[in-house]
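What follows is a set of notes on a single structure, which appears directly below.
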Amino acid sequence: MSKSLNIKDWINDFISIIYPNCCICCGKNLIKGEESICMGCLLQLPKTHFHLLPDNILEKKFWGKADIERVSSYLYYSKKSAIQTILEKLKYSGQKEIGVVLGKYAASDILDSDFVKSVDFIVPVPLHKKKLAKRGYNQSLCIAQGMSEILHIPISDGNLFRAIENPTQTKKSTYERWENTKGIFDVNDGSIFDNKHLMLVDDVLTTGSTLIACADAIKAKSNAKISVFTIACA
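Numbering of the sequence shown is given in our numbering, commencing with residue 130 and proceeding in unit increments.
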């Protein structure tokens, strides 16, 4: 077994010399132990630390709109920034492994906090089956997989589903976002979520309309507690 592992490591090292893995932010070659993002760029990512702050500004987005326990994001999002580049590569360039890596980094950040202590399931925001077929993967599920690996919390994928394919939210106003997400999600079996604490996971939190629509669908079929975590907040 040891010899087999050594040969595998040697092959991987050789491949990395011929086809080096590069940082998705700065383009520099990654060294052993780095995944997708080099340590220099990782240390410069703008963390929010909202998981340490109850009643933070993200939680206030949901007040009076949905019954949510806690809300946090790993990073601040801004245009023409490293995090914009990272998320665009995740969503539009087929680099789904970035989602897993981001999920690991984010989960490591909140691992020892009260934010996740009572969470029973990680629930990725679902894509409509048509969009899933076109993209080939759900970026939110990739993030959830990375988080689950670190937090050792199981993923519930498929019980919450997107019943209606809605147009992209990217260029819509706040009002249009709310109208665009009403009633688009549903739950197959509410009993799976009954008396559970769910952590909804998505890539970016803007107005919160998509996540509130998810929460509404879950609450309509179960008495679950719901928290929200995203990689970035705008």
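Each residue gets a CB set at the ideal place from its N, CA and C atoms; glycine is no exception.
Helix, strand or coil at residue i [DSSP, three-state]
i           : result
residue 254 : coil
residue 340 : helix
residue 310 : helix
residue 332 : strand
residue 320 : helix
residue 354 : strand
residue 347 : helix
residue 158 : strand
residue 293 : coil
Residue i, buried or exposed, once every other Cβ within 10 Å from all chains shown has been counted against 16
i           : result
residue 186 : exposed
residue 265 : exposed
residue 221 : exposed
residue 231 : buried
residue 184 : exposed
residue 262 : exposed
residue 349 : exposed
residue 228 : buried
residue 294 : exposed
residue 267 : buried
Distance, residue j Cα to residue i Cα
i           : j           : result
residue 357 : residue 157 : 33 Å
residue 242 : residue 269 : 22 Å
residue 279 : residue 236 : 6 Å
residue 168 : residue 319 : 42 Å
residue 150 : residue 286 : 30 Å
residue 161 : residue 309 : 44 Å
residue 336 : residue 206 : 13 Å
residue 330 : residue 359 : 5 Å
residue 248 : residue 201 : 14 Å
residue 274 : residue 203 : 16 Å
residue 165 : residue 155 : 10 Å
residue 276 : residue 344 : 20 Å
residue 260 : residue 271 : 15 Å
residue 173 : residue 210 : 11 Å
residue 342 : residue 311 : 6 Å
residue 176 : residue 351 : 33 Å
residue 316 : residue 323 : 12 Å
Same chain, Cβ closer than 6 Å to residue i, five either side skipped, listed in chain order
i           : result
residue 239 : 180 and 245
residue 327 : 250, 252, 353 and 355
residue 321 : 288
residue 340 : 329 and 357
residue 234 : none
Contacts around residue i, its chain only, beta-carbon distance under 7 Å, and the 5 residues preceding and following it disregarded
i           : result
residue 291 : 255, 256, 257, 313 and 314
residue 224 : 218
residue 191 : 197, 200, 337 and 341
Contact set for residue i: own chain, Cβ-Cβ below 8 Å, skip 5 residues either direction
i           : result
residue 361 : 202, 203, 204, 205, 206, 212, 216, 332, 333 and 334
Contiguous beta strand (DSSP E) assignments of at least 3 residues, all confined to the region 209-281: Counting only runs that start and end inside the region 209-281, the beta strand (DSSP E) elements of at least 3 residues fall at 250-253.
May I have a chain-ordered list of the alpha helix (DSSP H) segments no shorter than 4 residues that lie completely inside the region 164-205? With a minimum length of 4 residues, the continuous alpha helix (DSSP H) runs that stay inside the region 164-205 are 168-173 and 186-191.
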